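Residue numbering for the sequence shown follows my numbering, beginning at 255 and increasing consecutively.
Where a beta carbon is used, it is the ideal one built from N, C-alpha and C, also for glycine.
Just so you know, these numbers come straight off a predicted model, no measurement behind them.
Below: one structure, written as structure tokens.
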Amino acid sequence: MNSRYFFPLCIALTLTSTLAESQIIYERRPPRYRMQQRPQRRQKEEAFQPSVNISVGYGFPNGDKYLLPSYYNAYSGTISQNGPITGSIDYRFNRRMSIGALITHGTVNAPYYDYSNSGIPAFNYKMENWSFMLNIMKYMPGSKNVTPYFRTAIGINSWKQDYTDAAGNKIAMPAADLPDLAYQVGLGAQIKMSNNAGFFLEAGYGKYILHGGVTLKF
255 MNSRYFFPLC IALTLTSTLA ESQIIYERRP PRYRMQQRPQ RRQKEEAFQP
305 SVNISVGYGF PNGDKYLLPS YYNAYSGTIS QNGPITGSID YRFNRRMSIG
355 ALITHGTVNA PYYDYSNSGI PAFNYKMENW SFMLNIMKYM PGSKNVTPYF
405 RTAIGINSWK QDYTDAAGNK IAMPAADLPD LAYQVGLGAQ IKMSNNAGFF
455 LEAGYGKYIL HGGVTLKF
């Protein structure tokens with residue numbers, strides 16, 4: 255046999271025998287099974303019951319102090335303030351909203367000095383305010399014991415203004431032009447202490463900047 259055919263033939267026979275003797279095993283991978291998490295049972299919310307909420311609080315500072323009038327040739331001295339004290343009654347008709355009334359009361363006092371004589375007040379000014387506002391509360395999702403809310407209130411002001419001299423005697427001066435519109439917006443949270451009582455903390459703008467108090471549920 256020609257040597258040029260001998261080596262290729264030997265190689266071919268060797269490969270053939272090797273393939274014949276070898277066993278090719280196909281390993282079948284076991285199917286992958288995804289662990290299915292059991293669906294978590296949703297906590298069943300308690301059935302909502304409409305309620306009447308009564309709140310009493312105190313705001314600071316008194317926003318009415320920014321309404322102090324300006325007078326020609328006089329400037330205001332140290333301002334003293336009280337309140338506003340707040341009270342509200344609201345009907346919570348669903349889980350997310352309530353409607354009711356918000357009442358505030360506060361006073362602001364300030365002495366006015368003449369530029370030519372700053373030792374003794376030229377007169378003292380006192381304004382007393384009552385406001386009566388429609389109060390709308392929108393409650394946001396929270397926890398079992400903490401409920402965030404957004405307050406929108408709008409209504410009317412009722413003013414009483416007094417002018418007195420340094421000795422405390424009333425003097426005749428034209429009343430300042432104060433706004434009739436009263437309003438308050440706020441963002442806060444109610445903290446539940448028991449089924450029918452708790453307290454609240456709030457920040458806002460209008461009659462007060464900071465506000466806190468107690469609330470009762472009936």
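Candidates the options: closest to residue i by CA position
| i | options | result |
| --- | --- | --- |
| R405 | G442, Y417, P395, S372 | G442 |
| P375 | G466, Y329, G452 | Y329 |
| D419 | Y366, S397, V362 | Y366 |
| G354 | S309, I390, F302, N449 | I390 |
| N316 | L455, G440, K461, L470 | K461 |
| G341 | Q415, G313, Y417 | G313 |
| F474 | M427, Y403, A426 | Shown here, the chain extends from 255 to 472; a query on residue 474 therefore has no answer. |
| N378 | T401, G396, S324 | S324 |
| S334 | S370, R349, K380 | K380 |
| V400 | H359, A451, A436, A426 | A451 |
| E382 | I339, D368, P395 | I339 |
| L369 | A430, G440, Y326, T469 | Here residue 369 is Tyr; the residue named in the question, Leu, does not match the sequence. Answer by Cα proximity: Y326. |
| G458 | T469, A407, I343 | A407 |
| Y345 | M427, Y417, I308, N371 | I308 |
| H359 | Q303, N336, I343 | N336 |
| G440 | P395, R349, L464, A429 | L464 |
Assumed close pair residue i, residue j - CB separation to whole angstroms, cut-off 8 Å
| i | j | result |
| --- | --- | --- |
| G331 | A301 | No, G331 and A301 are not in contact; Cβ-Cβ is about 58 Å, not under 8 Å. |
| G467 | V306 | Actually they are not in contact, since the Cβ atoms of G467 and V306 sit about 16 Å apart, beyond 8 Å. |
| K319 | V362 | 5 Å |
Check whether residue i and residue j have beta carbons under 8 Å apart
| i | j | result |
| --- | --- | --- |
| M447 | Y393 | no |
| L356 | Q438 | yes |
| S385 | G409 | yes |
| N411 | L388 | no |
Cβ-based burial, residue i [other Cβ within 10 Å; buried from 16]
| i | result |
| --- | --- |
| G373 | exposed |
| D434 | exposed |
| F347 | exposed |
| N449 | exposed |
| L455 | exposed |
| F261 | Summary for F261: the model assigns pLDDT 41, below 50, so the residue's position carries little reliability, and this model does not support an answer. |
| N371 | exposed |
| A426 | exposed |
Residue-level contact to chain D via CB, residue i, 8 Å cutoff
| i | result |
| --- | --- |
| Y417 | The structure shown contains no chain D; it is built from a single protein chain. |
| request: Only counting runs of 3 or more residues, tell me where the beta strand (DSSP E) segments fall wholly within the region 332-389, in order along the chain. | output: 334-348, 351-368
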